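A.B. asks: My questions will all concern the structure given below.
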Amino acid sequence: MPEVIAQYETQIWQAIGETFVMVGISILAAVLIGLPLGTLLFLCRRGQLLENRLVFSVLNLLVNIIRSFPFLLLVVFLIPFTRFILGTAIGTAASTIPLAIIAIAHYSRLVEQTLLDVPRGVMEAAVSMGASVREVVFKFLYVDARSGLVLGLTTSIVSFISYSTIMGVVGGGGIGDFAIRYGYQQFKTELMFYMIVIMIILVQLVQFTGTTAARLIDKR
17 MPEVIAQYET
27 QIWQAIGETF
37 VMVGISILAA
47 VLIGLPLGTL
57 LFLCRRGQLL
67 ENRLVFSVLN
77 LLVNIIRSFP
87 FLLLVVFLIP
97 FTRFILGTAI
107 GTAASTIPLA
117 IIAIAHYSRL
127 VEQTLLDVPR
137 GVMEAAVSMG
147 ASVREVVFKF
157 LYVDARSGLV
167 LGLTTSIVSF
177 ISYSTIMGVV
187 GGGGIGDFAI
197 RYGYQQFKTE
207 LMFYMIVIMI
217 ILVQLVQFTG
227 TTAARLIDKR
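Numbered per the working numbering, the sequence shown spans residues 17 to 236.
Here it is as C-alpha cells:
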C-alpha cells in the first residue's frame with residue numbers, strides 16, 4: 017500500500033487541493049449570500065420586522081426548488097449556465113458554480129431556522145429601544161443565534177465536502193473523483209480506501225472545529 021500511495025502522491029495532493037478550492041468557495045458563497053438570504057427569509061415571514069408575503073414566497077420557493085434537486089441532476093442542469101458564466105463547463109472552477117448555488121440554498125434555510133429559535137422577546141426588546149432593522153439583526157439576532165449559526169455552517173460544510181465528491185462528472189476533480197478514477201475503476205482498492213480515510217478525517221476535523229467554536233461562543 018505505501019508503494020501505491022507514493023506512486024500517486026502528486027495526484028493525491030492535487031485532488032486534496034481541488035477539494036479545498038471547491039469547498040472553500042462554497043463556504044464563501046454560503047456566508048456572503050446564504051446568510052443574508054436566510055436572514056431576509058426570516059425577516060419577511062409573517063409577523064416579523066419586514067413582513068412581505070410576496071418576497072418571502074418567491075425566496076422560499078426558490079430555495080425549496082434548489083434544495084429539492086438531486087445534486088447530480090443539478091450539476092447537469094446547470095451546465096449551460098456554467099458555460100455561459102465561465103466559458104466552460106469542465107474543470108474545478110466550473111464545479112464551483114453548482115456547489116455555490118446549493119451552498120447558498122442549504123445554508124440560507126439553516127439560518128432561517130436558527131433565527132426562528134431566537135426568543136421573540138429579544139427582538140421586541142430591541143425594537144422598544146429604538147433599534148433599526150440593521151441593528152436588530154447584527155446586535156441582537158446574530159449575537160443570540162451565533163452558536164446555532166456556527167453549528168449550521170459546520171453541518172453545511174460537511175454536506176459541501178460530500179457534494180464535492182460528485183464533481184468528477186464535470187471534470188472537477190477532488191478526493192472523491194480521484195478515489196473513483198484511480199481506486200475503483202483501476203481496481204486499486206487500497207488506494208480508494210486511503211482516500212476514504214482522508215475524507216473521514218477531514219469531516220471529523222470540520223465537525224470538531226465547528227462544535228468546539230460553537231460551544232466557546234455560546235454565552236447563554
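C-beta: ideal position from N, C-alpha, C; glycine also. None of these values were measured; they are calculated from a predicted model.
In the structure shown, what three-state DSSP assignment does Met145 receive?
C.D. replies: Here residue 145 refers to the residue found at position 129 of the sequence shown. Coil at Met145, not helix or strand.
A.B. asks: Asp160: buried (16+ other C-beta within 10 angstroms of its C-beta) or exposed?
C.D. replies: Against the sequence shown, residue 160 aligns to sequence position 144. Result: buried.
A.B. asks: Look at the Cβ atom of Phe72, then the Cβ atom of Leu131, and state whether they are nearer than 7 Å.
C.D. replies: Here residue 72 is taken as the residue at index 56 of the sequence shown, counted from 1. Here residue 131 is taken as the residue at index 115 of the sequence shown, counted from 1. No, these two residues do not count as a Cβ contact at 7 Å.
A.B. asks: For Met215, collect the residues of the same chain with a Cβ closer than 6 Å to its Cβ; drop the 5 residues on either side in sequence, then sort them by chain order.
C.D. replies: Locating residue 215 in the sequence shown gives position 199, where the first residue counts as 1. So the qualifying residues of the chain are Ile191.
A.B. asks: What alpha helix (DSSP H) runs, 4 residues minimum, are completely inside the region 160–201?
C.D. replies: Whole alpha helix (DSSP H) segments, 4+ residues: 191–194.
A.B. asks: How big is the Cα-Cα spacing for Phe209 and Glu151?
C.D. replies: Within the sequence shown, numbered from 1, the residue matching residue 209 stands at position 193. Within the sequence shown, numbered from 1, the residue matching residue 151 stands at position 135. Near 50 Å, if we compare the C-alpha coordinates of Glu151 and Phe209.
A.B. asks: Go to Thr112, then tell me how far its alpha helix (DSSP H) extends in each direction, as first and last residue.
C.D. replies: As a working mapping, residue 112 is identified with position 96 in the sequence shown. Where Thr112 is concerned, the enclosing alpha helix (DSSP H) stretches over 108–132.
A.B. asks: Okay, do the region 18–33 and the region 195–208 touch, 3+ Cβ pairs below 8 Å being the bar?
C.D. replies: The region 18–33 vs the region 195–208: in contact.
A.B. asks: What are the boundary residues of the alpha helix (DSSP H) that includes Pro96?
C.D. replies: Position 80 of the sequence shown holds residue 96. Segment 95–102, the alpha helix (DSSP H) holding Pro96.
A.B. asks: Within 10 angstroms of its Cβ, does Glu128 collect 16 or more other Cβ (buried), or is it exposed?
C.D. replies: Numbered from its first residue, the sequence shown carries residue 128 at position 112. By the neighbour-count rule (16 or more Cβ atoms within 10 Å), Glu128 is buried.
A.B. asks: Considering Phe72, what are the terminal residues of the alpha helix (DSSP H) in which it resides?
C.D. replies: Your numbering for residue 72 matches position 56 in the sequence shown. Residues 69–84.
A.B. asks: From what residue to what residue does the alpha helix (DSSP H) around Pro52 run?
C.D. replies: Here residue 52 corresponds to residue number 36 of the sequence shown, with the count starting at 1. Run containing Pro52: 51–59, per the alpha helix (DSSP H) assignment.
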